[in-house]
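Asker: In full-length UniProt numbering, the protein residues as written are 1 to 583. Handing you a structure now.
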Amino acid sequence: MSFNAPVKSMEYLLKYSVDMEALRSLPVFEEISEELVSDILTGAASFARDVIAPTNWGGDQNPAQLNGDDVIASPGFKQAYDSYVEGGWQSMSTPADLGGMGLPNVVSVATAEMIYGANMAFGLCPMLTSSAMKAIAAHADPALQETYLPKMITGEWSGAMCLTEPQAGSDLGPVRTKAIDNGDGTYAISGQKIFITWGDHDCAENIIHLVLARLPDAPEGSRGISLFLCPKYFVNADGSLGNRNNFKAIGLEHKLGIHGSPTCTMEFDGATGWLVGDINRGLACMFTMMNEARLYVGVQGVAIGERAYQGALKFSHERVQGKPIDGGSDDPIVGHPDVRRMLIDMKTRLMGARAIGMATAHAVDVAEAIADSDEAKTAHARNALLTPIAKSYGSDTGVDVSSIGVQIHGGMGFVEETGAAQHYRDSRIAPIYEGTNGIQAIDLVGRKIRRDGGEAMRLLISDLKGIVTLAEQAGLDVCIGALKSGLETLTTATDLILSAEEKDALSVATPFLNLAAQVISGAFLIKAAANGLNAKDSLAPNMATLARYHALSIMPQANAALEQIKAGAAIVFDFPEGQLADL
Ligand SMILES: Cc1cc2nc3c(=O)[nH]c(=O)nc-3n(C[C@H](O)[C@H](O)[C@H](O)COP(=O)(O)OP(=O)(O)OC[C@H]3O[C@@H](n4cnc5c(N)ncnc54)[C@H](O)[C@@H]3O)c2cc1C
1 MSFNAPVKSM
11 EYLLKYSVDM
21 EALRSLPVFE
31 EISEELVSDI
41 LTGAASFARD
51 VIAPTNWGGD
61 QNPAQLNGDD
71 VIASPGFKQA
81 YDSYVEGGWQ
91 SMSTPADLGG
101 MGLPNVVSVA
111 TAEMIYGANM
121 AFGLCPMLTS
131 SAMKAIAAHA
141 DPALQETYLP
151 KMITGEWSGA
161 MCLTEPQAGS
171 DLGPVRTKAI
181 DNGDGTYAIS
191 GQKIFITWGD
201 HDCAENIIHL
211 VLARLPDAPE
221 GSRGISLFLC
231 PKYFVNADGS
241 LGNRNNFKAI
251 GLEHKLGIHG
261 SPTCTMEFDG
271 ATGWLVGDIN
281 RGLACMFTMM
291 NEARLYVGVQ
301 GVAIGERAYQ
311 GALKFSHERV
321 QGKPIDGGSD
331 DPIVGHPDVR
341 RMLIDMKTRL
351 MGARAIGMAT
361 AHAVDVAEAI
371 ADSDEAKTAH
381 ARNALLTPIA
391 KSYGSDTGVD
401 VSSIGVQIHG
411 GMGFVEETGA
421 AQHYRDSRIA
431 PIYEGTNGIQ
441 AIDLVGRKIR
451 RDGGEAMRLL
461 ISDLKGIVTL
471 AEQAGLDVCI
481 GALKSGLETL
491 TTATDLILSA
501 EEKDALSVAT
511 PFLNLAAQVI
521 SGAFLIKAAA
531 NGLNAKDSLA
541 PNMATLARYH
551 ALSIMPQANA
561 ALEQIKAGAA
571 IVFDFPEGQL
581 ADL
């Protein structure tokens, strides 16, 4: 199946939902003109369609193979990766002072969505490189940065993130991998890591692993974990590659989806590593990497959902079955009201989740561009607040939308050859990795709401109230009342979370996150519709239709979530644990 990146949708949201003009007013982004962004999006869309998308089905059917000590990527992946590097796509959002192109994140999330939509399994490799670079740039000493960053920025070397062990998943406190000080500025790393994405492969010349490990005298739990950089191949003083380090993949997982992404069990056997950041501060350093990765995992959900939507749309114009309500007996199923409802539902959810991802990226851009000011602090808080929502809502949307995609295909969706089943399978990992969505909800409720007394959320709600006026100016009828009511619901829910006992708050963390996402995504779509209508954009009436659909069918779901939040822990815990298997 072909894939065409949704350039028009992205450009529309960049123009009317995300405040690109405010970004352009910052010196670091003043050269990022609308024309430049448009050229980049168009170029990335062609690359995704022509080079990456053709590898998608082959990767699903022919997963990476472990051949002795080496992992061989799926057929065609190496050639696609070489083109990715040659095209300079890896360096896109890396700041110019590090040697990258310095594009804003808000543009990078759009191009990343294109790559994930073309082939999500492939896209994980550049995503991990980019996150690893962030952690190295923020925490490694200058010599390490000089040795490793230049080739990672180009993508010639890729990155991997080694956190998980059999007994340490959501909770990394029990990490057992050992680090022994060699006394020469290096450490010997030993232990086993599981589920390591693109932990080994033959696409890049070298693979730079960031590994969590524990020194012998370290405190117990998460306060005793340090971060180490372990290259697959050592780097000689002249920059050439030397011997292989003492670690390798010893197994590859068989998975539900993303078959083209090698998920490796990595054995570290006295591997040489260099400390990144301070001793015992490894988790904090890793969070630099994970925060960015969380946003991009949300984007993956949107990307897969978009691909599922395109497949379902095409099928709905080809499949003839029954006589559509206003059509003839030869007309395809797109004319059936229920099929049409599913298509609009998919499109609306995708647009809403995409808008949240862009708003999160926008906050990162502002925070990074104007460091050390009150405005930067506010942008940091906005990014921190939106990241768990972008990750969870984006990834859940991917699963929901690709499931609807299967439904539109009927039986042909359940069998493999249409590709609809692959999207559903691929989408299912995003709510799990990079911190499960349950962990995101706890992060939102605990760190992002209760710890700052709800300030960041109140500020967001206050900004979103400004959209009501925009909607009134644009005459967006049903949207106005729905948005007012949604914002009241979000305010009440936030107050309840702030005053709740911890057990109550944790029991309703996921409904709270969903409620917030339903209201915020709706607000962003209404903003996009209103701004577009006020600017007389030809696409605005259709965006207004999506905003109305959201206001009538998605935003009101927040009211149901509010009732659950009011009920707190009781509704979850009244059923005794010992009797969960009964009845
Ligand atoms: C395909 C794939 C690729 C991956 N890639 C990488 C990688 O590159 N690097 C890496 O280090 N790891 C990777 N992982 C690991 C991934 O990040 C973990 O699987 C994930 O963090 C969840 O950990 P777990 O599997 O141990 O689940 P568990 O932590 O055992 O969670 C099981 C369930 O319990 C819930 N839960 C756990 N703790 C809490 C809590 N405190 N409060 C509420 N609920 C809780 C979870 O939400 C979940 O529903 C990958 C995993 C997969 C499957």
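Built from N, CA and C at the ideal position, the CB exists for glycine as well.
For A271 versus D70, is the C-beta distance shorter than 9 Å?
Answerer: No, the pair does not count as a contact, with Cβ atoms beyond the cut-off.
Asker: Reducing DSSP to helix, strand and coil, say where Q553 ends up.
Answerer: Checking the sequence, you will find Ser at residue 553 rather than Gln. Residue state, collapsed to three classes: helix.
Asker: Determine the direct distance from the alpha carbon of G357 to that of E314, and round the result to whole angstroms.
Answerer: Just to set this straight, residue 314 is Lys in the shown sequence, not Glu. Between K314 and G357, the C-alpha separation is close to 26 Å.
Asker: Based on Cα-Cα distance, which residue from V235, D238 and M133 lies nearest to L210?
Answerer: The shortest C-alpha separation from L210 is found at M133.
Asker: Count Cβ pairs between the segment 296-311 and the segment 93-112 that sit closer than 8 Å; are there 3 or more?
Answerer: Taking 8 Å as the limit for Cβ pairs, the verdict is that the segment 93-112 does touch the segment 296-311.
Asker: Contact between the segment 343-362 and the segment 387-407: three or more CB pairs below 8 Å?
Answerer: With a cut-off of 8 Å, the segment 387-407 and the segment 343-362 count as touching, because enough Cβ pairs lie within range.
Asker: Please classify I52 as buried or exposed, where buried requires at least 16 other C-beta atoms within 10 Å of its C-beta.
Answerer: It counts as buried.
Asker: Can at least three beta-carbon pairs, one atom from the segment 477-497 and one from the segment 320-327, be found at a separation below 8 Å?
Answerer: The segment 477-497 is not in contact with the segment 320-327.
Asker: Answer yes if the segment 84-98 comes into contact with the segment 152-161, meaning at least three C-beta pairs across the two stretches below 8 Å, and no otherwise.
Answerer: Output reads yes: the segment 84-98 touches the segment 152-161.
Asker: Do three or more CB pairs link the segment 191-210 to the segment 250-270 at distances below 8 Å?
Answerer: Yes, they touch.
Asker: For S226, count neighbouring C-beta atoms within 10 Å of its own C-beta (all shown protein chains included) and say buried if the count is 16 or more, exposed if not.
Answerer: So S226 counts as buried.
Asker: Taking only three categories from DSSP, how would you classify L580?
Answerer: Three-state result, L580: coil.
Asker: Going by the C-beta, is G169 closer than 8 Å to any heavy atom of ligand 1?
Answerer: Yes - ligand 1 has a heavy atom lying nearer than 8 Å to the Cβ of G169.
Asker: Let me confirm a value: D582 is counted as buried when at least 16 other C-beta atoms fall within 10 Å, else exposed. Which label applies?
Answerer: So D582 ends up on the exposed side.
Asker: Just grab the DSSP bridge partners of M266 for me.
Answerer: DSSP output for M266 lists K193 and A249 as bridge partner(s).
Asker: Measuring CB to CB, does Q192 end up less than 9 Å from E220?
Answerer: No, Cβ-Cβ distance for Q192 and E220 is not below 9 Å.
Asker: By how many angstroms is the C-alpha of P541 removed from the C-alpha of I194?
Answerer: Near 49 Å, if we compare the C-alpha coordinates of P541 and I194.
Asker: Going along the chain, which residues of its own chain have a beta-carbon closer than 7 Å to the beta-carbon of G273, five neighbours each way excluded?
Answerer: Correct list, in chain order: A179, T186, Y187, I189, V211, F228, L229 and C230.
Asker: Between which two residues does the alpha helix (DSSP H) carrying P150 extend?
Answerer: Unbroken alpha helix (DSSP H) run through P150: P142 to T154.
Asker: Name the residue from M412, G169 and D269 whose alpha carbon lies nearest to the alpha carbon of K232.
Answerer: Checking every option, the nearest Cα to that of K232 belongs to D269.
Asker: So, helix, strand or coil for C285, using DSSP?
Answerer: C285 falls in the helix class under three-state DSSP.
Asker: According to DSSP, is residue 603 helix, strand or coil?
Answerer: Any answer about residue 603 is impossible in this case: the structure gives the chain only from 1 up to 583.
Asker: The beta strand (DSSP E) with Q167 in it runs from where to where?
Answerer: That residue, Q167, is in no beta strand (DSSP E); it is neither H nor E in DSSP.
Asker: Helix, strand or coil for Q65 per DSSP?
Answerer: Q65 falls in the strand class under three-state DSSP.
Asker: Quick check: does the Cβ of N437 come within less than 8 Å of any heavy atom belonging to ligand 1?
Answerer: Under cutoff, so the answer is yes.
Asker: Counting only the same chain and skipping the five closest in sequence on each side, list residues whose C-beta sits under 7 Å from that of K385.
Answerer: Note that residue 385 corresponds to Leu in the displayed sequence, not to Lys. The answer, listed in chain order, is K448, A456, M457 and L460.
Asker: My assumption, with CB atoms under 8 Å, is that L525 sits in contact with L546. Please give the rounded CB distance.
Answerer: Indeed they touch by this definition, with Cβ atoms about 6 Å apart.
Asker: Which residues share a DSSP beta bridge with L227?
Answerer: Partner(s): L212 and V276.
Asker: Distance, Cα to Cα, A528 vs G59?
Answerer: Their Cα atoms are separated by approximately 37 Å.
Asker: Candidates K391, I467, I258 and E502: which alpha carbon is nearest T436's?
Answerer: Comparing Cα-Cα distances from T436 to each of K391, I467, I258 and E502, the minimum goes to K391.
Asker: Below 7 Å CB to CB, which residues in the same chain sit around S316 once its five sequence neighbours on both sides are set aside?
Answerer: Taken in chain order, the residues that qualify are P332, I333, V334, V339, L343 and I408.
Asker: Mind checking which residues open and close the beta strand (DSSP E) that includes S485?
Answerer: Unbroken run through S485 is the alpha helix (DSSP H), D477 to S499; no beta strand (DSSP E).
Asker: Please report the residue range of the beta strand (DSSP E) in which C203 lies.
Answerer: It is not in any beta strand (DSSP E) - C203 carries neither H nor E in the DSSP assignment.
Asker: When every heavy atom of ligand 1 is checked, does at least one fall within less than 8 Å of the C-beta of K193?
Answerer: Under cutoff, so the answer is yes.
Asker: Using CA coordinates, which residue listed in S131, F573 and S46 is at the minimum distance from I208?
Answerer: Nearest option by C-alpha distance: S131.
Asker: L241 to T147, Cα distance in whole Å?
Answerer: Spanning the two alpha carbons is a distance of roughly 11 Å.
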